[in-house]
Structures are given as C-alpha cells and as structure tokens.
Amino acid sequence: MRIASLVTRITQQMRRDRRTLALFFLAPLLILTLMYFIFDTEASDLKIVVTGSDETIVKALKQADFQVTAAEEFSREKMIEKDTDGWLHVENGKMKLTLLNDEPTRAKAVQMQMMQGLQGNEKNTPSIEEKYVYGDANTKGFDTFSPMLVSFFVFFFVFLIAGIALLKERTSGTLERLLATPIKRYEIVAGYVIGYGLFALIQTIIVVLYAVNVLDIVLVGSIWLVLLTNILVALVALSLGTLLSSFATSEFQMVQFIPLVIVPQVFFTGIFPLDGMSDWLQKIGKVMPLYYASDAMNGIMYKGFTFNEVLLDLLILLAFAIVFITINIISLKKYRAL
Amino acid sequence: MKNAISIDGIAKGFQQKKVIQPLSLNIEKGGIFGLLGPSGCGKTTLIKMIVGLIKPDAGKVTVLDHEVPNEALLMDVGYMAQSDALYTELTGAENLEFFAKLYRFSKKERRERIQYAAEIVQLTNDLNVRVAHYSGGMKRRLSLAVALIQNPEILILDEPTVGIDPLLKQSIWEELERLRNEDEKTIIITTHVMGEAERCDKLAMLREGEIIAAGTPEALKTQFAAETLDDVFLRIGGGLK
C-alpha cells in the first residue's frame with residue numbers, strides 16, 4: 001500500500017505539471033517526424049557473393065569496389081549468417097540479385113555500384129531480377145533506425161524526468177521526510193519504478209502508434225514485444241536516472257548528464273552504422289543499455305523477430321535494471337541506516 | 339521507563355568540522371523539551387540523529403527503550419524538518435493523505451487523522467488549495483500537521499514557529515501544551531527565540547556542538563543569576579561578565 005501511495009502521488013504530480021507531461025508525450029513525436037524527413041546515410045565496405053558466374057563478372061565487380069567472394073553455392077540463410085549485403089546468382093545468362101537490405105542505404109548502394117560495374121563489361125545494361133531478405137524495394141533508411149529512436153526517446157525522457165523528480169525530492173527535503181516514516185527503502189524505489197513506468201508505458205504506446213500509423217514505419221513483429229522491450233528500457237533509464245541524480249545538486253547538473261550518458265549511447269544504437277567502427281569501439285557499445293535496446297527493437301519492428309530471438313537482449317536489459325535498482329536501494333542508506 | 343530519549347556520548351563530524359562534540363542527554367517522558375542555541379550550533383544535526391536520519395560517529399541514541407535506528411520507532415516519532423518538506427504540486431489534503439497512507443491507516447482513520455491534524459494547525463479551509471499557493475506560514479503549519487498525522491508519542495519539531503505570525507504562534511503553543519497535558523506526549527523543539535524557550539519545561543543550551551547548560555528555565559536563571567534566558571546565554575558564552 002505504501003508503494004501504491006507513492007504511485008498515486010507521482011501520478012498526481014505529473015498530471016499537475018502539464019508542460020513536463022507535454023514534453024514527455026509530444027516531443028518524441030516532433031523529433032521523430034523531423035528525423036523522418038531529414039535523415040540519410042552512406043554505406044561502405046559492401047560484401048557480395050557471386051555464384052555460378054565466370055571470372056569476368058567477378059573481376060568487374062571487384063573493380064567496382066565490392067568485397068567479392070566467388071562461391072559454388074549460397075543461400076538466403078547464409079546471407080543472414082555471414083552478413084552479406086548482396087548475393088548475385090548467374091544462370092544461363094540471367095542474373096538474380098538477392099539483397100540483405102538490413103540497412104536500405106546499403107542495399108541501394110549495392111544496386112547502384114553493381115549497375116555501374118557491370119555496364120563496363122556488357123554491351124548493354126544487364127537486366128537483373130531483385131529479391132530482398134528484409135523489407136522490400138520501398139524500404140526507407142528511416143525504417144531501420146526508427147525502432148531505435150522509439151527506445152531512445154523512452155530512455156531519454158524517463159532518465160531525465162525521473163532523475164530530476166528524485167533530485168527535487170532530495171533537495172526539497174521530502175526524501176528525508178519520507179525516510180522519517182516507516183516506509184522501506186525498496187518501497188520508495190518500487191514506487192518510483194511503477195509510477196514513472198506507467199508514464200513511460202503510455203509514452204511508448206503513443207510513440208509506437210504514431211510511428212506505425214502516421215509515419216508508416218514498418219512494424220513486422222509483435223507490438224506487445226515492442227512494449228515489453230520499452231518497459232525494460234524505461235526501467236533501466238529510470239533506475240540509472242535516479243541513481244545518477246544523487247551525484248547532481250541541481251536540475252542543471254542533472255541536464256549535464258545528457259552529453260555524458262545519453263549522447264554516447266546514441267552512437268551505438270545503429271543510427272550510425274556499427275560495422276564501420278573499429279573493434280575496441282564496438283566493445284564499448286556492448287556496455288551500453290541502448291545498444292541492446294536498439295538491437296531488440298530493430299529485430300522486432302523491422303526483421304520480425306520473435307520473443308526467443310530477442311530474449312538475450314531483453315535479459316541483458318533486465319540485468320541492467322536489476323543492478324541499477326539494487327544500487328539505488330543501497331544508496332538510500334545514506335539517508336537512513338535502516 | 340522514565341526517559342523518553344537518552345543520548346549517550348554521541349558525536350558527529352562532517353569532513354573536518356566537529357558538529358557535535360561527544361554529548362550525553364536524557365529527556366524525560368512527557369513535557370516540552372527545548373533545544374536552544376544560535377544557528378549552526380548543531381541543533382538540527384542532533385535532532386536528525388535522534389530521528390535516525392543521521393548516523394552518529396560514536397555513541398548511541400535510545401528512544402523509548404529502543405536503540406536508534408529502529409523501524410518500529412518511526413511510527414512513534416513525528417518529525418517536522420526545518421525546511422518545509424512538502425509536495426508543492428499537490429494540495430494540502432493530498433500531502434496529508436500521502437503521508438497518512440505511509441503509516442498504513444485505514445481509509446476511515448485517515449479521514450479522521452487528516453481532519454484532526456488540519457484543525458490543530460487551522461488549515462481545514464485551505465486543504466484543497468495547492469501547496470504552491472500557500473504562504474510561508476501555511477507551509478510551516480502543514481509541515482506540523484504532517485508530523486502529527488500518525489499521532490506519535492514523541493514529537494520532534496525543528497524550529498516549528500519560524501515564519502508564523504504571533505497569533506498563530508500562540509495557538510500552536512497552546513496546542514503543544516494541550517498535547518503535553520492531555521495526551522502526555524513528549525515534545526522536543528529547537529528554537530533560537532528566548533521567549534519560546536521560557537515556555538519549555540526543560541531546556542538544554544547548545545553551543546558549538548556542546549551542551550553548555552541544562553535544566554528548567556527557572557533553575558538556569560537562578561544558577562547564573564540572570565534576569566532573562568538571554569542573559570544566561572550571554573553569561574555562559576562569555577559575552578557578559
């Protein structure tokens with residue numbers, strides 16, 4: 001019941017703070033829309049596999065800056081496994097190109113470069129039959145990273161708002177007053193998690209529905225899985241935000257965590273291609289919660305992954321949340337020994 | 339059990355500064371006990387150690403025969419902090435309701451307790467106003483109501499009458515005296531106003547983390563041959579020779 005009273009109080013406070021509420025729910029939609037119109041990326045290091053072809057085509061493609069591997073046989077499954085951008089199969093003079101299309105910009109680049117490379121070889125422009133592993137010819141770059149954006153917004157706003165809320169509770173003395181009542185430390189943390197978790201859930205629903213219905217972003221997998229992932233993201237953001245708020249003495253100092261905690265994570269969400277990064281940089285990404293959130297969200301929304309396929313990502317997110325929540329409960333000891 | 343609170347050789351320092359020198363103090367059950375001293379003398383630190391919000395570096399505090407910190411004790415101690423620890427987005431009633439819920443009162447009990455506490459501090463008519471619109475004195479009164487909400491045996495009030503007009507100050511004191519006389523509560527208040535100190539049953543004067551004198555107001559005046567408590571304070575402090 002103590003947890004419930006905290007949840008009620010948080011809900012009341014949030015409802016009264018209309019501006020924060022608007023920021024929480026509408027700002028993501030605004031930024032999402034802007035990025036939808038603005039974003040574009042470039043691709044490099046395209047890997048393709050050629051089967052059933054002669055040396056001349058392979059040579060031509062190598063000259064066209066592809067990493068070409070000639071193979072006896074190949075399959076869609078192997079493309080996924082080996083992260084191959086394109087598979088060109090030549091049979092009786094007909095060409096069949098299968099594109100992985102995990103990032104549409106890469107798929108488009110494969111098409112363009114292949115056309116140019118083969119033109120020099122043949123007299124006229126070759127006709128190529130195209131197939132896609134993920135998505136189709138209409139896939140836009142935005143489709144692949146918008147799932148990550150959804151998680152990013154949840155993370156960003158929950159981190160900031162929950163962090164500042166607990167900070168305010170610290171500086172105004174209400175946290176101390178709270179701890180002079182028989183409330184248990186875990187009850188405070190649980191109240192916060194559930195209270196702000198509810199708002200994060202509403203935010204996720206709004207953002208996902210907007211992205212899918214208004215911006216027409218691909219949602220292949222289950223919307224419930226999307227919600228589940230983002231609840232976990234919210235948990236991580238909330239527990240990390242409240243934890244870091246104990247290192248801040250003012251709202252302004254809380255905002256200063258954005259370039260330290262939020263921005264670096266964005267680099268590892270896949271908005272910028274991860275393949276191009278050096279190994280040590282990729283390793284850094286693996287300690288960041290948003291890396292796993294993005295991986296799961298991209299899998300569910302774009303590639304149609306099922307629960308089992310994103311389970312590892314979800315478990316890692318859950319582990320992050322549990323660790324942060326535990327540290328939160330322990331760190332409240334600073335205010336009361338019990 | 340004669341003593342409500344007994345403090346045994348507690349000390350506390352923050353960084354280099356010693357805020358509380360090792361001090362011992364017994365506070366009897368029933369009655370209003372005043373902690374008197376200038377700002378920065380360690381009153382608030384001492385009080386927070388009694389409530390269990392600060393852990394002493396040495397020594398121990400026993401409240402109602404339980405060593406602090408003790409979870410059950412939090413039910414018996416009503417604490418009013420020096421700064422108004424209130425949720426300004428919420429109304430007065432919502433603040434009281436929130437704290438009442440933390441003490442696990444039933445709905446009926448909550449209604450009764452809120453009504454009772456609001457009446458004492460004369461906020462009944464302003465309960466549905468958001469605290470953000472309250473005056474300084476009203477916030478102080480609501481903080482006092484929060485401290486009273488669970489009907490605690492011991493009330494610990496840190497500067498309860500700061501920013502409250504004389505008329506209301508008078509009525510709050512009358513209520514504190516009624517709580518002492520009828521409900522036999524133990525009330526500990528801190529103050530730096532000598533006029534209020536006169537109304538306490540027992541006093542302890544605190545200076546730079548040390549108790550420099552303790553006793554009834556009358557005894558202190560006799561002991562130091564002073565007319566007023568102000569004089570007592572100055573005499574001990576070395577201001578008056």
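Chains as they are written, first to last, in this note's numbering: chain A, 1 to 338; chain B, 339 to 579. Just so it is clear, CB atoms sit at the ideal spot from N, CA and C, and this is done for glycine as well.
Quiz item: Which one of A:ILE284, A:THR269, A:VAL207, A:ARG170 has the shortest CA to CA distance from PHE247 (chain A)?
Solution: The sequence position of residue 247 (chain A) within the first sequence is 247, counting from 1. Ranking A:ILE284, A:THR269, A:VAL207, A:ARG170 by Cα distance to PHE247 (chain A) puts A:ARG170 first.
Quiz item: Is there at least one Cβ from chain B nearer than 9 Å to GLY197 (chain A)'s Cβ?
Solution: To locate residue 197 (chain A), count along the first sequence from 1; it is residue 197. No - not a single Cβ of chain B is within 9 Å of the one on GLY197 (chain A).
Self-check item: Inter-residue CB distance, PHE305 (chain A) and SER239 (chain A) (contact presumed, cutoff 8 Å)
Solution: For the purposes of this step, residue 305 (chain A) is taken as the residue at position 305 of the first sequence. For the purposes of this step, residue 239 (chain A) is taken as the residue at position 239 of the first sequence. About 26 Å; that fails the 8 Å criterion.
Self-check item: Beta-bridge partners of LYS398 (chain B), as assigned by DSSP
Solution: Against the second sequence, residue 398 (chain B) aligns to sequence position 60. LYS398 (chain B) pairs with B:ASP346.
Quiz item: Along the stretch 448 to 466 of chain B, what residues have a CB closer than 9 Å to any CB found in chain A?
Solution: none
Quiz item: Is the distance from the Cβ of ARG292 (chain A) to the Cβ of PHE267 (chain A) below 9 Å?
Solution: Looking up residue 292 (chain A) in the first sequence gives position 292. Looking up residue 267 (chain A) in the first sequence gives position 267. Sequence check: residue 292 (chain A) is Tyr here, not Arg. Going by C-beta atoms, TYR292 (chain A) is not nearer than 9 Å to PHE267 (chain A).
Quiz item: SER344 (chain B) to ASP521 (chain B), Cα distance in whole Å?
Solution: Reading the second sequence from its first residue, position 6 is the one you call residue 344 (chain B). Reading the second sequence from its first residue, position 183 is the one you call residue 521 (chain B). Rounded to whole angstroms, SER344 (chain B) to ASP521 (chain B) spans 21 Å at the Cα level.
Quiz item: By the criterion of Cβ-Cβ separation under 8 Å, what are the contact partners of THR174 (chain A) in chain B?
Solution: Counting from 1 along the first sequence, the entry for residue 174 (chain A) is found at position 174. The contacting residues are ALA423, LEU424, TYR425.
Quiz prompt | Buried versus exposed, by CB contacts within 10 Å (16 or more), GLN508 (chain B) | solution = Walking along the second sequence from the start, residue 508 (chain B) turns up at place 170. Burial call: exposed.
Quiz item: Counting only runs that start and end within the stretch 438 to 484 of chain B, where is the beta strand (DSSP E) found for 3 or more residues in a row?
Solution: none
Quiz item: Per DSSP, what kind of secondary structure is THR41 (chain A) in: helix, strand or coil?
Solution: Here residue 41 (chain A) refers to the residue found at position 41 of the first sequence. With a pLDDT of 49 at THR41 (chain A), under the threshold of 50, the modelled position of that residue is not reliable, and no figure is offered here.
Self-check item: Per-residue DSSP class, three states only, for GLY135 (chain A)
Solution: Numbered from 1 along the first sequence, position 135 holds the residue referred to as residue 135 (chain A). GLY135 (chain A) falls in the coil class under three-state DSSP.
Exercise. Measure the alpha-carbon distance for ARG336 (chain A) versus ARG15 (chain A) and round it to whole angstroms.
Key: Position 336 of the first sequence holds residue 336 (chain A). Position 15 of the first sequence holds residue 15 (chain A). Whole-angstrom Cα-Cα distance: 30 Å.
Quiz prompt | Contact with chain A by GLU409 (chain B), beta-carbon distance below 9 Å | solution = The residue given as residue 409 (chain B) occupies position 71 in the second sequence. So, interface residue.
Quiz item: Quick one: which chain A residues come within Cβ less than 7 Å of PHE352 (chain B)?
Solution: Counted from its first residue, the second sequence places residue 352 (chain B) at position 14. Correct list: empty, because the minimum Cβ distance to chain A is about 13 Å.
Quiz item: Residues in its own chain within less than 8 Å of LYS333 (chain A) by CB, not counting five upstream and five downstream?
Solution: Taking the first residue of the first sequence as 1, we reach residue 333 (chain A) at position 333. The answer, listed in chain order, is ARG185.
Self-check item: 8 Å Cβ shell around TYR134 (chain A) - same chain, five flanking residues per side excluded
Solution: For the purposes of this step, residue 134 (chain A) is taken as residue 134 along the first sequence, with counting starting at 1. So the qualifying residues of the chain are LEU100, ASN101, ASP102, TYR302, LYS303.
Quiz prompt | Where GLN359 (chain B) sits in the DSSP three-state scheme | solution = Here residue 359 (chain B) is taken as the residue at index 21 of the second sequence, counted from 1. Strand.
Practice problem: Determine the burial state of ASP85 (chain A): buried for a count of at least 16 other Cβ atoms within 10 Å of its Cβ, exposed for fewer. | Solution: The residue labelled residue 85 (chain A) in the question sits at position 85 within the first sequence. Flag for ASP85 (chain A) reads buried.
Exercise. Quick one: grab the DSSP three-state call for THR174 (chain A).
Key: Within the first sequence, the letter at position 174 stands for residue 174 (chain A). DSSP places THR174 (chain A) in helix when its eight states are reduced to three.
Quiz item: In whole angstroms, what is the alpha-carbon distance linking LEU274 (chain A) and ALA162 (chain A)?
Solution: Numbered from 1 along the first sequence, position 274 holds the residue referred to as residue 274 (chain A). Numbered from 1 along the first sequence, position 162 holds the residue referred to as residue 162 (chain A). Spanning the two alpha carbons is a distance of roughly 30 Å.
Quiz prompt | Residues that LEU179 (chain A) contacts on chain B, provided the C-beta gap is smaller than 8 Å | solution = Counting from one through the first sequence, the residue named residue 179 (chain A) turns up at place 179. Chain B residues near LEU179 (chain A): LEU391.
Exercise. Taking only beta-carbon positions, decide if GLU432 (chain B) is within less than 9 Å of chain A.
Key: As a working mapping, residue 432 (chain B) is identified with position 94 in the second sequence. Yes, contact with chain A.
Quiz prompt | GLU457 (chain B) versus ARG449 (chain B) - alpha carbon distance | solution = Indexing the second sequence from 1 puts residue 457 (chain B) at position 119. Indexing the second sequence from 1 puts residue 449 (chain B) at position 111. Roughly 12 Å between the two C-alpha positions.
Quiz item: Would ASP295 (chain A) be called buried (16 or more neighbouring beta carbons within 10 Å of its own) or exposed?
Solution: Here the question's residue 295 (chain A) lines up with position 295 in the first sequence. Per the 10 Å Cβ criterion, buried.
Quiz item: So which residues on chain A does LEU440 (chain B) lean against when the C-beta distance must stay under 8 Å?
Solution: Within the second sequence, residue 440 (chain B) is the residue found at index 102, counting from 1. The contacting residues are ARG2, SER5, LEU178, THR181, PRO182, ILE183.
Quiz item: Taking the runs of the alpha helix (DSSP H) that are 4 residues or longer, which of them lie wholly in the stretch 269 to 317 of chain A?
Solution: 279 to 285, 289 to 301
Quiz item: The alpha helix (DSSP H) with ALA234 (chain A) in it runs from where to where?
Solution: Position 234 of the first sequence holds residue 234 (chain A). Start and end: 223 to 245.
Self-check item: Residues bridged to ASN364 (chain B) [DSSP beta-bridge criterion]
Solution: Counted from its first residue, the second sequence places residue 364 (chain B) at position 26. Beta-bridge pairing links ASN364 (chain B) to B:SER344.
Quiz item: When we look at the beta-carbon of VAL459 (chain B) and count the other beta-carbons within 10 Å, is it buried (16 or more) or exposed?
Solution: The residue you call residue 459 (chain B) lines up with position 121 of the second sequence. By the 10 Å Cβ count, VAL459 (chain B) comes out buried.
Self-check item: Spatial distance of LEU541 (chain B) from THR524 (chain B) (CA atoms)
Solution: As a working note, residue 541 (chain B) is residue 203 in the second sequence. As a working note, residue 524 (chain B) is residue 186 in the second sequence. Each residue's alpha carbon lies about 13 Å from the other.
Exercise. State the beta-bridge partners of ARG545 (chain B) as determined by DSSP.
Key: If you number the second sequence from 1, residue 545 (chain B) lands on position 207. Answer is B:GLU548, bridged to ARG545 (chain B).
Exercise. Please state if the CB of LYS131 (chain A) and the CB of LYS82 (chain A) are separated by a distance shorter than 9 Å.
Key: As a first step, residue 82 (chain A) is located in the first sequence; it is residue number 82 there, counting from the start. As a first step, residue 131 (chain A) is located in the first sequence; it is residue number 131 there, counting from the start. Not a contact, by the Cβ cut-off of 9 Å.
Quiz item: Where do the ends of the beta strand (DSSP E) carrying LEU46 (chain A) lie?
Solution: Position 46 of the first sequence, counted from the start, is the residue given in the question as residue 46 (chain A). Run containing LEU46 (chain A): none; DSSP gives neither H nor E here.
Self-check item: Paired residues, beta bridge with ALA71 (chain A) - DSSP
Solution: Taking the first residue of the first sequence as 1, we reach residue 71 (chain A) at position 71. Per DSSP, A:THR51.
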